[in-house]
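Let me begin by presenting the structure, written as structure tokens, before commenting on it.
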Amino acid sequence: MSKPSYHTQCTGQALATVRATEPKSEEVAKAKFTLFGACFCPFVQRAWAVLCFLSPPAASSPWQYRECDPYAKPADLLELSPKGLVPALRLEHDPAYPSEAVRGICESTVIMEYLIERFGASPSGQTLLPPLSRPYERAQYKIAADRLNRKLIPAFYRFLQAQNPDDQIEHGKDYVREIEAFVQGMDSVIVPTASEGEKKKGAFWDGSDSPSYVDFLVAPWLFRTTNVLKHFRALDINSAISEGPLRERYIAWQDAVFHHPAWTATVSDEQLYLDSYVRYAENRPNTSQVANAINQGRGLP
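Take 1 as the starting number for the sequence shown in the UniProt record's numbering and just add one per residue.
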């Protein structure tokens with residue numbers, strides 16, 4: 001049997017995170033909720049990073065991670081996610097529901113928001129969205145997230161999947177423009193914790209010194225820009241962005257996010273990503289539901 005061209009187990013720091021939260025007994029396992037994921041999937045990583053931020057990985061964590069082969073979907077994943085897509089959450093039993101009831105959540109952004117509402121803040125009191133008492137600012141984060149989901153992320157796949165050299169050049173330019181638009185939107189929302197007239201001092205999307213919902217939502221694709229797109233499409237994003245303040249701001253953002261402990265806790269070794277994205281770079285048939293949607297000009301599933 002030939003070896004699959006994608007990985008089915010985390011490596012590096014991500015594997016250490018899986019082991020740190022692994023239940024030591026069946027009784028402990030039943031008391032935890034489960035994140036179903038695939039080690040190379042960016043949609044999983046955005047939700048996992050939020051989880052690691054709000055509930056840092058440890059033996060006492062109320063959650064565990066379960067690796068799934070996205071091309072051989074287990075039955076209990078399909079119970080949670082009818083499309084068979086990861087991530088998915090299987091929640092602990094709630095006595096308000098029948099004992100046989102399966103409580104699950106699918107769709108990465110829904111999972112992110114569920115986790116934010118469930119935990120509220122990190123152990124140190126940091127939050128990923130403004131409080132409900134600041135609905136306008138909260139809406140600005142979600143507007144930015146919506147644009148990233150509709151524009152930047154599809155542009156990543158169009159560039160990676162393009163086979164014709166002229167198409168690669170055109171889609172590469174489009175992708176860089178979307179990243180620049182993302183950078184131009186940074187620092188535009190008032191940080192709710194800032195005093196009047198106080199200058200922002202952080203490098204994250206909102207100008208604060210702590211990551212937000214927007215940072216983790218887009219980080220997986222910008223991270224893969226530094227390895228997958230650099231390897232398969234020769235894109236050096238730090239040089240491709242317009243020179244000057246825009247480039248400096250992006251590099252500062254990149255350094256802040258990609259060195260944050262909640263992010264690094266979800267990162268595997270680089271070779272895992274390179275191996276797992278060959279299918280996309282060669283645009284092989286039926287690589288994924290996402291790849292099929294890009295090829296057919298549809299929105300992402």
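Idealized CB from N, CA, C, for every residue including glycine.
Query: Terminal residues of the alpha helix (DSSP H) in which Cys-106 lies; Result: Here Cys-106 belongs to no alpha helix (DSSP H); instead the beta strand (DSSP E) covers 104 to 106.
Query: Proximal residues to Ser-5 (C-beta, below 8 Å), its chain only, five neighbours per side dropped; Result: Asp-275, Ser-276, Val-278 and Arg-279
Query: Beta carbon proximity, Glu-180 to chain D, threshold 7 Å; Result: In the structure shown, chain D does not exist; there is a single protein chain.
Query: Ala-262 and Ala-16 closer than 7 Å at C-beta; Result: no
Query: Assigned secondary structure, Thr-34 (DSSP; H/G/I helix, E/B strand, else coil); Result: strand
Query: Residues near Val-176 by beta carbon distance below 6 Å, same chain, minus five either side; Result: Ala-240
Query: Trp-205 (DSSP reduced to helix, strand or coil); Result: coil
Query: Pro-131 versus Lys-32: straight-line alpha-carbon distance, rounded; Result: 27 Å
Query: Contacts around Gly-84, its chain only, beta-carbon distance under 8 Å, and the 5 residues preceding and following it disregarded; Result: Pro-70, Lys-73, Leu-77 and Leu-78
Query: Cβ-based burial, Glu-196 [other Cβ within 10 Å; buried from 16]; Result: For Glu-196, the predicted structure reports a pLDDT of 47, less than 50, and the residue's modelled location is therefore unreliable. The matter cannot be settled from this model.
Query: Per-residue burial, Gln-296 [other beta carbons within 10 Å of its own, 16 or more giving buried]; Result: exposed
Query: As assigned by DSSP and simplified to three states, the class of Tyr-136; Result: helix
Query: Buried/exposed call for His-259, threshold 16 Cβ in 10 Å; Result: exposed
Query: Cα-Cα separation between Asn-238 and Thr-226, rounded to whole angstroms; Result: 9 Å
Query: Nearest-angstrom Cα separation, counted from Tyr-157 out to Ile-294; Result: 7 Å
Query: Chain-order list of residues whose beta-carbon lies under 7 Å from that of Asp-167 (same chain, five-residue window excluded); Result: none
Query: Residue from Leu-91, Gly-185 and Phe-43 whose Cα sits closest to the Cα of Gln-64; Result: Leu-91
Query: Glu-67 to Trp-221 span [Cα, whole Å]; Result: 20 Å
Query: The beta strand (DSSP E) enclosing Arg-90, as first and last residue numbers; Result: 88 to 90
Query: Proximity of Val-218 and Leu-129 at Cβ, strictly below 7 Å; Result: no
Query: Distance CB(Asp-187)-CB(Phe-204) smaller than 7 Å; Result: no
Query: Start-to-end residues for the alpha helix (DSSP H) that takes in residue 302; Result: In the structure as shown, the chain begins at 1 and stops at 301. Residue 302 is therefore absent and cannot be evaluated.
Query: CA nearest to the CA of Glu-123, picked from Leu-80, Glu-137, Ala-101 and Ser-61; Result: The question names Glu, but residue 123 is Pro in the sequence shown. With distances taken between Cα atoms, Pro-123 lies closest to Ser-61.
Query: Alpha-carbon to alpha-carbon, Tyr-141 and Pro-135; Result: 10 Å
Query: Top-ranked residue by Cα proximity to Arg-298, from Lys-151, Phe-182 and Ser-212; Result: Lys-151
Query: Residue closest to Gln-13, alpha-carbon to alpha-carbon, out of Glu-270, Pro-285 and Leu-300; Result: Glu-270
Query: From Gly-120, Ala-121 and Val-86, residue whose alpha carbon lies closest to that of Ile-105; Result: Val-86
Query: Cut-off 6 Å between Cβ atoms - residues of its own chain near Arg-103, not counting five sequence neighbours on either side; Result: Leu-91
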